[in-house]
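As structure tokens, this is what we get:
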């Protein structure tokens, strides 16, 4: 069974995070949500950019890359800056880039850049490429795959990004089944 | 400021609930999430159909219809059946239909039917119309508005449903701003 790690930090974009988890779990992927703020306490609820609290499964401290096939970062600038400043997240991004797959969407390709793992071709939220400040930005694709680095644009493309990950880690047939069940004909 | 009530019961469709809250809050609507299961405890985390836990703001017991302009139900069969069996939810649906606006998507128009407030024209998740068993099903529109009853199809149309609610309760300009910011050109 394919497995994916999603780190969440306060200020993450809620519809991006939840769309990714929902689509990937429907596609048969074992998705684990990891919080990075150790002050959260037992509730493990991480608050997003629009005040929606999502319960995480574990702490990033308990995570080892060996247990996963991919690591994906949802966007939202608050969450992105927090992830980009977290040494364990940056370390994991490097490990995943070396041996597995990394992904990021919206503002979060900024964290890939910080970790030095952003590809030569990528996409992100329109305007975020100025902050990311690296050549190779593509504005004409919802999802850009460059080797083992996958990126996507923003809230409206999150479900399509989830489908692209399901296709890569599980297969085209599973992707197609989820696409039809979720009424995602626009992806 | 417009305000919307979203009741959540275990087994709700996560991307539908979160897309609705995210889009509506971006559109300037005060959204309150209410849980119906009194055994939840202080954490107030309601678990969705794909294992994602969302923190609710309050209990449905603390809610009065006077504080809101609309009540919207996300889908997912587990959550839908639980809402449709909850007497307080059915009572609120009748109050909102009389004096305000009600909405439901995916499987949840079933709860509107149970409360006797489903309109003459509606949409829902393809196949759910058999369980709803009421004439007037439309399969050709992402969002159907019939007077003060709004319905939508499923996960892939949740963001578009949110935009339609923002347009109705706040205005076209706010809707357009959210649509562009979230890259929802397919709505």
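Chains as they are written, first to last, in my numbering: chain A, 18 to 204; chain B, 18 to 204. All C-beta atoms, glycine included, are put in the ideal place defined by N, C-alpha and C.
Minimum C-alpha distance to residue i - residue among the options
i: residue 49 of chain B; options: B:144, B:18, B:192, B:66; result: B:18
i: residue 126 of chain B; options: B:112, B:36, B:150, B:108; result: B:150
i: residue 105 of chain B; options: B:131, B:124, B:67; result: B:131
i: residue 89 of chain A; options: A:124, A:146, A:60; result: A:124
i: residue 21 of chain B; options: B:53, B:183, B:194, B:133; result: B:183
i: residue 81 of chain A; options: A:109, A:94, A:178, A:54; result: A:109
i: residue 169 of chain A; options: A:37, A:24, A:196; result: A:37
i: residue 191 of chain B; options: B:29, B:28, B:35, B:40; result: B:40
i: residue 94 of chain B; options: B:70, B:193, B:122, B:85; result: B:122
i: residue 69 of chain B; options: B:53, B:34, B:87, B:195; result: B:34
7 Å Cβ cut-off: residues of chain A touching residue i
i: residue 78 of chain B; result: By Cβ distance, chain A contributes nothing, its closest Cβ being about 20 Å from residue 78 of chain B, past 7 Å.
i: residue 193 of chain B; result: Near residue 193 of chain B there are no residues of chain A at all, since even the closest Cβ is about 14 Å away, more than 7 Å.
i: residue 249 of chain B; result: Past the edges of chain B, shown from 18 to 204, lies residue 249 of chain B, and the structure says nothing about it.
Contacting residues, own chain, Cβ-Cβ under 6 Å from residue i (five flanking each side not counted)
i: residue 165 of chain B; result: 118
i: residue 99 of chain A; result: 26
i: residue 201 of chain B; result: 176
i: residue 29 of chain A; result: 65, 91, 93, 96
i: residue 129 of chain A; result: 121, 135
i: residue 146 of chain B; result: 154
i: residue 77 of chain B; result: 24, 51, 53, 105
i: residue 71 of chain B; result: 63
i: residue 167 of chain B; result: 120
i: residue 161 of chain B; result: 138, 139, 140, 155, 168
Close beta carbons around residue i, own chain, < 7 Å, minus the five adjacent residues each side
i: residue 163 of chain A; result: 136, 137, 138, 139
i: residue 67 of chain A; result: 31
i: residue 75 of chain B; result: 49, 51
i: residue 196 of chain A; result: 180, 204
Alpha carbon of residue i to alpha carbon of residue j, nearest angstrom
i: residue 92 of chain B; j: residue 142 of chain B; result: 9 Å
i: residue 172 of chain A; j: residue 115 of chain A; result: 28 Å
i: residue 111 of chain A; j: residue 174 of chain A; result: 25 Å
i: residue 44 of chain A; j: residue 43 of chain B; result: 29 Å
i: residue 83 of chain B; j: residue 198 of chain B; result: 31 Å
i: residue 56 of chain B; j: residue 152 of chain B; result: 37 Å
i: residue 59 of chain A; j: residue 154 of chain B; result: 45 Å
i: residue 157 of chain B; j: residue 113 of chain B; result: 26 Å
i: residue 102 of chain B; j: residue 181 of chain A; result: 38 Å
i: residue 62 of chain B; j: residue 47 of chain B; result: 20 Å
i: residue 188 of chain A; j: residue 133 of chain B; result: 43 Å
i: residue 159 of chain B; j: residue 186 of chain A; result: 30 Å
i: residue 204 of chain B; j: residue 144 of chain A; result: 22 Å
i: residue 73 of chain B; j: residue 107 of chain B; result: 19 Å
i: residue 87 of chain B; j: residue 179 of chain B; result: 12 Å
i: residue 79 of chain A; j: residue 194 of chain B; result: 40 Å
Beta strand (DSSP E) segment containing residue i, residue limits
i: residue 88 of chain B; result: 87 to 90
i: residue 182 of chain A; result: Careful: residue 182 of chain A lies outside any beta strand (DSSP E), inside the alpha helix (DSSP H) at 175 to 186.
i: residue 70 of chain A; result: 70 to 72
i: residue 97 of chain B; result: No beta strand (DSSP E) holds residue 97 of chain B; the alpha helix (DSSP H) holding it covers 94 to 101.
Chain B residues whose Cβ lies nearer than 9 Å to that of residue i
i: residue 89 of chain A; result: Going along chain B, no residue has its Cβ under 9 Å from residue 89 of chain A, so there is no contact; the nearest lies around 15 Å.
i: residue 60 of chain A; result: 59, 60, 62, 72
Range of the contiguous alpha helix (DSSP H) that encloses residue i
i: residue 191 of chain A; result: 189 to 198
i: residue 34 of chain B; result: 31 to 43
i: residue 114 of chain B; result: 104 to 116
8 Å Cβ cut-off: residues of chain A touching residue i
i: residue 173 of chain B; result: 176, 199, 200, 201, 202, 203
Proximal residues of chain B, C-beta to C-beta of residue i below 7 Å
i: residue 36 of chain A; result: 32
i: residue 43 of chain A; result: 67
i: residue 170 of chain A; result: 200
i: residue 157 of chain A; result: What residue 157 of chain A touches in chain B: nothing, since even the nearest Cβ is about 13 Å away.
Minimum Cβ-Cβ distance from residue i to chain E less than 8 Å
i: residue 68 of chain B; result: Of the protein chains in the structure, A and B, none is chain E.
Chain-order list of residues whose beta-carbon lies under 8 Å from that of residue i (same chain, five-residue window excluded)
i: residue 148 of chain A; result: 124, 127
i: residue 85 of chain B; result: 20, 21, 22, 49, 113, 117
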